[in-house]
Amino acid sequence: NGDEGSAIHYGGDHYFAKPTDLWGEPTFRKGTLYFYNNTVVINGTSGQVFQLSTTEESAQVWNNVFYFAPTVTYPSLRASSADYASSSEFKNYWTSGGNLTLGKNWSSTTLADSDPWHTVPGTVTGWSNLIKGTTLPVDKNTFIPTSGSPVVDTAQANLTAVTAYPVQYQYDVSTFSVKTRAVNGAAADIGAVER
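Position in the sequence shown counted from 1, then plus 4, gives you our numbering.
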């Protein structure tokens, strides 16, 4: 449901804590989120994919499908967690938005970094790696890539950091269970399910 905030929230909820405090931002999950081989469909009227709490959190994002229903007014990659810049004290401690690196992903053509009224600090690199389209490249019920879609056999290789964690399984809607995910073709497919 796109009306309830971001699909993926990494870090923690904002408390406006100081770096020396034993609560809030100093205790957030730090480091890198590796987000790969997922299919994210956002419905409703508003929707963001990621909410990275501060620039002490980052995400490496590749081989995903990000589809926004036509009802989503401002399809956004990121949402801001807090407006630290408006605080005379906390703007010196934290910057919201995280650091996000895009590998090869498929997205709706309307995807922007944020909505027009909520610019998100932090950084996004890799916009040129996106494959954009207007039609969902997977079946909306099974998430299986449609024949001839741009996500078939086009996945990039996994990053070195996750070579020990390959995607081994996928969900099978017909049996409501998992099944082995095997590459069928010249390369893996982008998204959560292999054709």
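Think of the CB as a built atom: it goes at the ideal place given N, C-alpha and C, for glycine as much as any other residue.
Source: prediction; values computed, not measured.
Pair within 9 Å by beta-carbon distance, residue i and residue j
i	j	result
Asn-162	Trp-66	yes
Thr-105	Pro-125	no
Pro-141	Ser-153	yes
Tyr-19	Glu-61	no
Val-171	Asn-41	yes
Val-76	Thr-114	yes
Lys-232	Val-45	Given that the chain is displayed from residue 5 to residue 199, the structure contains no residue 232 and the question cannot be resolved.
Thr-31	Gly-48	no
Within-9 Å CB hit, residue i to chain D
i	result
Thr-77	Of the protein chains in this structure there is only one, and it is not chain D.
Nearest residue (CA-CA) to residue i, options the options
i	options	result
Glu-29	Asn-103, Thr-36 and Ala-21	Ala-21
Thr-167	Tyr-38, Thr-113, Ser-80 and Ser-118	Tyr-38
Lys-53	Thr-31, Lys-95, Gly-101 and Asp-25	Checking the displayed sequence, the identity of residue 53 turns out to be Val instead of Lys. Residue Gly-101 is the option with its Cα nearest to Val-53.
Leu-134	Thr-123, Asp-117, Phe-147 and His-122	Asp-117
Unbroken beta strand (DSSP E) run spanning residue i, endpoints
i	result
Ile-46	43 to 46
Arg-199	Segment: none, Arg-199 is in no beta strand (DSSP E) and carries neither H nor E.
Asn-109	109 to 112
Lys-183	181 to 184
Leu-3	Nothing can be reported for residue 3, as the shown portion of the chain is limited to 5 through 199.
Lys-136	134 to 137
His-122	It is not in any beta strand (DSSP E) - His-122 carries neither H nor E in the DSSP assignment.
Ser-10	10 to 14
Through-space distance from residue j to residue i, alpha-carbon basis
i	j	result
Thr-58	Gly-51	20 Å
Thr-158	Ser-10	27 Å
Ser-151	Thr-36	34 Å
Ala-73	Thr-164	33 Å
Thr-138	Ser-112	6 Å
Tyr-173	Gly-195	12 Å
Query - Whole beta strand (DSSP E) elements within the stretch 31 to 83, 3-residue minimum - result: You should have 35 to 40, 43 to 46, 52 to 56, 61 to 66, 69 to 72 and 80 to 82.
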